[in-house]
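Protein chains in written order, with this note's numbering: chain S, 691 to 870; chain F, 4 to 634.
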């Protein structure tokens, strides 16, 4: 039996959870000994293996049709799906726009913001993904493990990876449980 | 007695105990949210559900009375699942995302309960319905987005404070916490006591002054008595890095149980006067910065003693300071007048009466908490001594009758069921008439109604304010005591500042007369000196002011000794009903600033007098109006 494969991706987030993952510092060598680190946003390979990985990790909420695709693909290709960080768990900071709606948020950012000139307009290229309400990953695909935190502590991420690598579902509680 | 079993532990409790209280007594933890020990159980949040053997469904332990033979399980799977489900419903109802909230990471009861249950997420998303945030109040922000509808604030506002400002509008998911008939909180009948903020389990009601200034884990606590008025509420002063963060009421205190008023909670943080940071001495007409030695020498040179010397102290200062002050100026320097800034107006007649009688005649404020009728003589408990007012106000809807007798109406007298007119100077006649009515009835319908309420009450109270004490002579007080005896009533005299009663015990009660004093020593607390005092001292050629803040008075002084504020010194305070309590230092004073006690000792040294240091003996040397109890 080979090492379990781990892939990750980021959606509507800030990359902070992946930064926190890197904050495990030299312990990443222990992780690499235990797992086969495959596609991640911070390595060359960008998509999880077609023939599947053991653990898929998603950072960020789902805010448009492209995020949906990425989440569905990851779900299809992994056995255990992990929602990493507050955005993936419930929507996080981007979800604040749900209180006003995407339209109002775009208008504010591209047209009304004080720093814009008078020609500000909302981007409308057909190539752009369609915006949706910001959702937790679990609203789109089933999630097996939630690691909340903004970002989750490096120690928590290390603990979770080591447990997952050894075929156990980590228990996120007490000191490891922080919602931001 | 009742015997029941909770998680295998058998416990015996009094009849009327709730299952939650029984569990607590048995050492079994049951999580709660809407429940608060100071409030009537409500059963609103359903977090405290337990399994009762034989019962069809889970039961809320906070409202369920314990009964004999009950077998309770608090940790079964059914209970734990229900708990998580209840939390999921609460979280998903509104914006309960901790990352958007100030009250989190240990400060939020909702978040803490979810952490306790090991919740990594909740499955239901909210409908993202935003509610308007009400930031109209100077001290409080009301954010319905964070409200869990537990109604602790509403119950506290009514049950504890008797103000009934907060309430709920609409039903179910639309329920909205509102002030009065949905007016902005800042324009409502709110009296800014802040109890709602302190009791809110989430971030729905937050305190503007301390928002984002420090979490529970980052602040230091200093529990002691409030130094504002003579009610003597226990409070907790929260500081961080020698900065004042917030003041909270002390839930565990015996008398006030967490209550404070705006004066004790919010106003002290609004301090914006300029601080005196160095001694100042007047040279060639101008106040110039000086060293302590120079300033003390100026005091020694200019102060004099005996006739022509006036010494005044604030009744906001600790008893230790007042006793030392008295010893130096009265016993050693024999000053012409040694008194307080209040000049005994709220106490002099009362304490001389107690002394003549040779015994105390007043009762503890506790008497107010369970009384069926209150006779208030010249009393305003809305603007002053507010917490004592809360004790009365909160009982008015449950049948306690308030009878007010005063010469001028105020906000407190508006709450009266019966109003009697009391002309200043005719206190004796008024009380004698009432006494007569108690014995033989009266033709006056109002008087009759008052007497009826008072005589029907099992434990009536007669409470009188400063103006009554000022106008009442010995005869009036004699009649008052007779009336109280006839009614079996408790007497409570509402005195002035935090240590008015201590000043009274030390005999610092003489009125200040314009007498052509040659020099004066004024020991201020944190108060703004009154215009009357400023004027009285304008005529005095040499004035020493000991103060923390600059004012018109210090501007006119010849020597200024800079001292600590209330927050920077510890000391003892004697409440209006004789509770002797400690105020605790919460902040370090700026460099070069002495406490008023230290400054006084230096003054004594430079004047070569040796004061008596036994402040406690001095405090007990006189028959008090009410028995002194060390708390």
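Think of the CB as a built atom: it goes at the ideal place given N, C-alpha and C, for glycine as much as any other residue. Just so you know, these numbers come straight off a predicted model, no measurement behind them.
Beta-carbon spacing of residue i, residue j below 8 Å
i: residue 834(S); j: residue 868(S); result: no
i: residue 370(F); j: residue 364(F); result: no
i: residue 258(F); j: residue 164(F); result: no
i: residue 529(F); j: residue 546(F); result: no
i: residue 525(F); j: residue 549(F); result: yes
i: residue 636(F); j: residue 147(F); result: For residue 636(F) there is no data in the structure shown, the boundaries of chain F being 4 and 634.
i: residue 728(S); j: residue 848(S); result: no
i: residue 770(S); j: residue 854(S); result: yes
i: residue 314(F); j: residue 293(F); result: no
i: residue 241(F); j: residue 224(F); result: yes
i: residue 465(F); j: residue 425(F); result: no
i: residue 143(F); j: residue 200(F); result: yes
i: residue 141(F); j: residue 206(F); result: no
i: residue 10(F); j: residue 77(F); result: yes
i: residue 329(F); j: residue 621(F); result: yes
i: residue 795(S); j: residue 751(S); result: no
Cross-chain neighbours of residue i in chain F, by beta carbon under 8 Å
i: residue 851(S); result: Under the 8 Å cutoff, chain F gives no residues; its nearest Cβ is about 16 Å from residue 851(S).
i: residue 786(S); result: 103
i: residue 665(S); result: With chain S running from 691 to 870 in the structure shown, residue 665(S) is simply not present.
i: residue 804(S); result: Simply none; closest approach about 22 Å.
i: residue 780(S); result: 100, 124, 125, 128
Between the CA atoms of residue j and residue i - distance to the nearest angstrom
i: residue 122(F); j: residue 838(S); result: 10 Å
i: residue 111(F); j: residue 149(F); result: 11 Å
i: residue 510(F); j: residue 430(F); result: 24 Å
i: residue 825(S); j: residue 789(S); result: 12 Å
i: residue 748(S); j: residue 176(F); result: 33 Å
i: residue 544(F); j: residue 341(F); result: 18 Å
i: residue 71(F); j: residue 5(F); result: 5 Å
i: residue 54(F); j: residue 159(F); result: 29 Å
i: residue 744(S); j: residue 723(S); result: 15 Å
i: residue 307(F); j: residue 522(F); result: 7 Å
i: residue 302(F); j: residue 611(F); result: 12 Å
i: residue 470(F); j: residue 551(F); result: 29 Å
i: residue 442(F); j: residue 380(F); result: 20 Å
i: residue 399(F); j: residue 457(F); result: 14 Å
i: residue 602(F); j: residue 215(F); result: 37 Å
i: residue 3(F); j: residue 866(S); result: Since the first and last residues shown for chain F are 4 and 634, residue 3(F) lies out of range.
i: residue 58(F); j: residue 92(F); result: 24 Å
i: residue 386(F); j: residue 268(F); result: 15 Å
Residues that residue i bridges to, as DSSP identifies them
i: residue 632(F); result: 582(F)
i: residue 726(S); result: 695(S)
i: residue 836(S); result: 773(S)
i: residue 326(F); result: DSSP output for residue 326(F) lists no bridge partner at all.
i: residue 365(F); result: 629(F)
i: residue 225(F); result: 240(F)
i: residue 286(F); result: 289(F)
i: residue 563(F); result: 283(F), 548(F)
i: residue 141(F); result: According to DSSP, which records beta bridges pairwise, residue 141(F) is partnered with nothing at all.
Per-residue contacts from residue i into chain S (C-beta, under 9 Å)
i: residue 118(F); result: 863, 864, 867, 868, 869
Proximity to residue i [Cα-Cα], best of the options
i: residue 351(F); options: 186(F), 512(F), 546(F); result: 512(F)
i: residue 193(F); options: 99(F), 277(F), 168(F); result: 168(F)
i: residue 762(S); options: 727(S), 738(S), 775(S); result: 738(S)
i: residue 580(F); options: 8(F), 388(F), 30(F); result: 388(F)
i: residue 73(F); options: 227(F), 80(F), 25(F), 120(F); result: 25(F)
i: residue 84(F); options: 108(F), 50(F), 66(F); result: 50(F)
i: residue 2(F); options: 327(F), 274(F), 223(F), 284(F); result: For chain F, the structure presents residues 4 to 634; residue 2(F) sits outside this window and is missing.
i: residue 359(F); options: 476(F), 293(F), 367(F), 460(F); result: 476(F)
i: residue 823(S); options: 764(S), 857(S), 810(S), 783(S); result: 783(S)
i: residue 617(F); options: 348(F), 184(F), 322(F), 458(F); result: 322(F)
i: residue 265(F); options: 236(F), 279(F), 8(F), 483(F); result: 236(F)
i: residue 589(F); options: 399(F), 227(F), 349(F), 507(F); result: 227(F)
i: residue 254(F); options: 459(F), 182(F), 41(F); result: 41(F)
Closer than 9 Å at the beta carbon, the chain F residues around residue i
i: residue 789(S); result: 98, 131, 132, 133, 148
i: residue 794(S); result: In chain order: nothing, as chain F lies at least about 11 Å away.
Listed by chain order, chain F residues near residue i by CB distance under 7 Å
i: residue 776(S); result: 102
i: residue 829(S); result: 128
Interface residues of chain S facing residue i [CB-CB closer than 8 Å]
i: residue 201(F); result: Here the premise fails: no neighbours, minimum Cβ distance about 24 Å.
i: residue 237(F); result: Near residue 237(F) there are no residues of chain S at all, since even the closest Cβ is about 33 Å away, more than 8 Å.
i: residue 114(F); result: 869
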